[in-house]
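A.B. asks:
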Amino acid sequence: MSILVQSPTDNERWVDEFRRLLPDHDVECWPDVAVPAAVEYLVMWRHDPSDMARYTNLRAILSLGAGVEQFLGTDLPDVPIVRLADPAMADEMAVYAVSWVTHFQRHHDVYLADQAKTIWKELPYTPAAEYTIGILGHGTIGRCVGQAFAGLGYPIAAWSRTGGDEPGIEHYVGSEQIGAFLAACDAVINVLPNTPDTAGLMNSDRFASMQPHAVFVNIGRGSTVVEDDLAAALYAGRPAAAVLDVTSIEPLPPESPLWKHPNIRITPHSSGPTRLGTAARLIAANIDRLDRGEQPFPILDRSNGY
Ligand code: GLV
Numbered sequence: 003m004s005i006l007v008q009s010p011t012d013n014e015r016w017v018d019e020f021r022r023l024l025p026d027h028d029v030e031c032w033p034d035v036a037v038p039a040a041v042e043y044l045v046m047w048r049h050d051p052s053d054m055a056r057y058t059n060l061r062a063i064l065s066l067g068a069g070v071e072q073f074l075g076t077d078l079p080d081v082p083i084v085r086l087a088d089p090a091m092a093d094e095m096a097v098y099a100v101s102w103v104t105h106f107q108r109h110h111d112v113y114l115a116d117q118a119k120t121i122w123k124e125l126p127y128t129p130a131a132e133y134t135i136g137i138l139g140h141g142t143i144g145r146c147v148g149q150a151f152a153g154l155g156y157p158i159a160a161w162s163r164t165g166g167d168e169p170g171i172e173h174y175v176g177s178e179q180i181g182a183f184l185a186a187c188d189a190v191i192n193v194l195p196n197t198p199d200t201a202g203l204m205n206s207d208r209f210a211s212m213q214p215h216a217v218f219v220n221i222g223r224g225s226t227v228v229e230d231d232l233a234a235a236l237y238a239g240r241p242a243a244a245v246l247d248v249t250s251i252e253p254l255p256p257e258s259p260l261w262k263h264p265n266i267r268i269t270p271h272s273s274g275p276t277r278l279g280t281a282a283r284l285i286a287a288n289i290d291r292l293d294r295g296e297q298p299f300p301i302l303d304r305s306n307g308y
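Start counting the sequence shown at 3; every next residue gets the next number (our numbering).
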C-alpha cells in the first residue's frame, strides 16, 4: 500500500521527506502511480477529482495547505480530508500581521515619505495598550495571531460564528455583532476561510462600521472581501488603509485597480507558506495515526467548509 504525493512545488523534496519519515511505506511521486489501487493516502493541494476513482483503496486525503476550499463542492471520495494545522505557519502569519499593523500604527509609511524629503518630524502614536486588534475569524490561526499581539500588550477583540470564552479577549459572535466588533477595533486582521458563509462578508456596510483611522489586513481568503467596496471605502476615508495578502483572483491581474490604490498594499499570498520541515512531520504523524486506526486531526467538516 502506498502514499501518493502531489505537491505544486518541490514535489521530489516532499517525496524524499516522506520516505525518510515513513520508511515502512511506499511513497510515490505524482504523476508516476505504479498501482493506483495500492494508494491509501493522497497528500495533495489540488487534484483532479475525476482522477480519484482509480484509487479504489483510498483511506484519506491529507492537505498540503491550511485552506481547504479546493476540496469543497467537488465530487471527492467519502474519506476523511485532513487539514494542515501547522503552528509554525500560524506563527509566520502572526509575524506578517504584526509587521503591517505596526507599520501603520507607528507611522512607518509617513516616515518613509518624510525621509525622501529629509524631514525629521516625530509623530504621536497610539500605544499598543490602547490599540485594539480585531481578529476576524477566531480559529486555529486566528487565535495564534491574537496571542502574538496580546504578548506585545495589545487588547484583543475576536469575531467568530460560534463565539468563545478565552479570558482577556472581547468576544463578538455572528452577524448581529460584526458591526460592533469592527467599530471597536483599530486594526482588523481577517483570517476567515473561503466558505459559502464568508463569501463577500466584508462589504461596504461592514467597512462603514470601521473607524476612519483603522487598518484592514487580509491574510484569510480574498473571496471574503468585496474588493470594489473596499476600494471605495478607502477613497471615502474609512478605513484608512488595507493590506491584502490574498485577493479574489490570484495572482492579482495586472489590470486590477487594487495595484494602484494609494491606500492598499499588496503582497503575493506570502504571509504563511507551507514549510516542508514542519508540515511533513505533521502529515506523517496523521498517517501514523490512521495506520493505528486512530483519528487524524483536524478533519475537514464538509458541512461548514472548514
Ligand atoms: C495558504 O493560504 C494555505 O491555505 O496554506
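Glycine included, each C-beta is placed from N, C-alpha and C at the ideal position. Treat the numbers as computed from the prediction; the structure is a model and nothing was measured.
Report the rounded CA-to-CA distance for Val190 versus Arg283, giving the unit in angstroms.
C.D. replies: Working through the sequence shown from its first residue, we reach residue 190 at position 188. Working through the sequence shown from its first residue, we reach residue 283 at position 281. Roughly 32 Å separates the two Cα atoms.
A.B. asks: Return the CA-CA distance between Asn220 and Ile251, expressed in angstroms with no decimal places.
C.D. replies: Position 218 of the sequence shown holds residue 220. Position 249 of the sequence shown holds residue 251. If I take the Cα positions, the gap works out to 14 Å.
A.B. asks: Contact check, Cys31 vs Glu14 under 8 Å by CB: the rounded distance?
C.D. replies: The residue given as residue 31 occupies position 29 in the sequence shown. The residue given as residue 14 occupies position 12 in the sequence shown. So it is a contact: roughly 6 Å between Cβ atoms.
A.B. asks: When you measure from the CB of Gly144 to every non-hydrogen atom of the ligand GLV, does any distance come out below 6 Å?
C.D. replies: Within the sequence shown, residue 144 is the residue found at index 142, counting from 1. No, the beta carbon of Gly144 sits no closer than 6 Å to any heavy atom of the ligand GLV.
A.B. asks: Can you list, in chain order, the residues of its chain with a C-beta nearer than 6 Å to that of Ala39? Leave out the 5 residues immediately preceding and following it.
C.D. replies: By 1-based counting over the sequence shown, the position of residue 39 is 37. Once the five neighbours on either side are set aside, the close Cβ partners of Ala39 are Thr58 and Asn59.
A.B. asks: Less than 7 Å separating the beta-carbons of Ile247 and Thr276?
C.D. replies: Counting from one through the sequence shown, the residue named residue 247 turns up at place 245. Counting from one through the sequence shown, the residue named residue 276 turns up at place 274. Checking the sequence, you will find Asp at residue 247 rather than Ile. Contact flag unset, no.
A.B. asks: By DSSP's criteria, Val313 is part of a beta bridge. Which residues make up the other side?
C.D. replies: Outside the displayed range of the chain (3 to 308) lies residue 313, so it cannot be described from this structure.
A.B. asks: Which residue from Asp231, Ser4 and Arg294 puts its Cα closest to that of Asp207?
C.D. replies: For the purposes of this step, residue 207 is taken as the residue at position 205 of the sequence shown. The residue with the shortest Cα to Cα distance from Asp207 is Asp231.
A.B. asks: DSSP beta-bridge partners for Ala160?
C.D. replies: Start at 1 with the first residue of the sequence shown, and residue 160 comes out as number 158. Paired residue(s): Ile137 and His173.
A.B. asks: Please state whether DSSP places Ser65 in a helix, a strand or coil.
C.D. replies: The residue labelled residue 65 in the question sits at position 63 within the sequence shown. DSSP places Ser65 in strand when its eight states are reduced to three.
A.B. asks: Per the DSSP calculation, Arg267 is bridged to which residue(s)?
C.D. replies: Along the sequence shown, read from residue 1 onward, the residue named residue 267 stands at position 265. BP columns for Arg267 point to Val245.
A.B. asks: By the DSSP assignment, the alpha helix (DSSP H) with Glu94 in it spans what residues?
C.D. replies: One-based indexing of the sequence shown puts residue 94 at position 92. Its alpha helix (DSSP H) spans residues Pro89 to Gln107.
A.B. asks: Helix, strand or coil, according to DSSP, for Leu284 in the structure here?
C.D. replies: For the purposes of this step, residue 284 is taken as the residue at position 282 of the sequence shown. If DSSP states are grouped into helix, strand and coil, Leu284 belongs with the helices.
A.B. asks: Taking the straight line between their C-alpha atoms, what separation do you get for Pro169 and Ile158?
C.D. replies: Within the sequence shown, residue 169 is the residue found at index 167, counting from 1. Within the sequence shown, residue 158 is the residue found at index 156, counting from 1. Approximately 10 Å, taken between the alpha carbons.
A.B. asks: Can you tell me which of the three DSSP states Asn192 falls into?
C.D. replies: Counting from one through the sequence shown, the residue named residue 192 turns up at place 190. Strand at Asn192.
A.B. asks: Is Val29 closer than 7 Å to Val41 when the C-beta atoms are compared?
C.D. replies: As a working note, residue 41 is residue 39 in the sequence shown. As a working note, residue 29 is residue 27 in the sequence shown. No; because the gap between Cβ atoms is not below 7 Å, this pair is not in contact.
A.B. asks: For Asp88, count neighbouring Cβ atoms within 10 angstroms of its own Cβ and tell me buried if that reaches 16, exposed if not.
C.D. replies: If you number the sequence shown from 1, residue 88 lands on position 86. Label assigned to Asp88: buried.
A.B. asks: Output the residue ranges of the beta strand (DSSP E) runs that lie fully inside the stretch 36–62 and measure 3 residues or longer, sorted by chain position.
C.D. replies: DSSP runs (the beta strand (DSSP E)) wholly in the stretch 36–62: 41–46.
A.B. asks: Mapping the DSSP letters down to three states, classify Ile180 as helix, strand or coil.
C.D. replies: Looking up residue 180 in the sequence shown gives position 178. Ile180: helix per DSSP, three-state reduction.
A.B. asks: Do Gly307 and the ligand GLV come close, with the Cβ less than 6 Å from some heavy atom?
C.D. replies: As a working mapping, residue 307 is identified with position 305 in the sequence shown. Every heavy atom of the ligand GLV is 6 Å or more from the Cβ of Gly307, so no.
A.B. asks: Residues in the same chain with beta-carbon distance under 8 Å from Asp167, minus the five sequence neighbours each way, listed in chain order, please.
C.D. replies: As a first step, residue 167 must be located in the sequence shown, where it is residue number 165. Result list for Asp167: His173, in chain order.
A.B. asks: Among Ser225, Asp188 and Asp80, whose alpha-carbon lies nearest the alpha-carbon of Gly136?
C.D. replies: The sequence position of residue 136 within the sequence shown is 134, counting from 1. If we check each option's Cα against that of Gly136, Asp188 comes out closest.
A.B. asks: At a cut of 8 Å, does the stretch 90–101 reach the stretch 142–155 through at least three beta carbon pairs?
C.D. replies: At 8 Å Cβ cutoff, the stretches touch.
A.B. asks: What does the Cβ neighbour count give for Val75, buried or exposed, with the cut at 16 atoms within 10 Å?
C.D. replies: Your numbering for residue 75 matches position 73 in the sequence shown. Reading off the sequence, residue 75 comes out as Gly, not Val. Exposed, because fewer than 16 other Cβ atoms sit within 10 Å of the Cβ of Gly75.
A.B. asks: Which residues in the same chain as Ala62 place their Cβ atom closer than 7 Å to its Cβ, once the five residues preceding and following it in sequence are excluded?
C.D. replies: Against the sequence shown, residue 62 aligns to sequence position 60. Around Ala62: Tyr43, Val81, Pro82, Val84, Leu292 and Pro298.
A.B. asks: DSSP on Asn220, reduced to helix/strand/coil?
C.D. replies: By one-based count along the sequence shown, residue 220 stands at place 218. In the structure shown, Asn220 sits in a strand (DSSP, three-state: E or B).
A.B. asks: Cα-Cα, which of Arg304, Asp290, Ile285 and Asp303 is closest to Val45?
C.D. replies: In the sequence shown, residue 45 corresponds to position 43, counting from 1. Of the listed residues, the one whose Cα sits closest to Val45 is Ile285.
A.B. asks: Helix, strand or coil: how does DSSP classify Val81 here?
C.D. replies: Taking the first residue of the sequence shown as position 1, residue 81 is located at position 79. If DSSP states are grouped into helix, strand and coil, Val81 belongs with coil.
A.B. asks: Rounded to whole angstroms, what's the CA-CA distance from Pro300 to Ile180? Just pull it up for me.
C.D. replies: Within the sequence shown, the letter at position 298 stands for residue 300. Within the sequence shown, the letter at position 178 stands for residue 180. Cα to Cα, Pro300 sits roughly 27 Å from Ile180.
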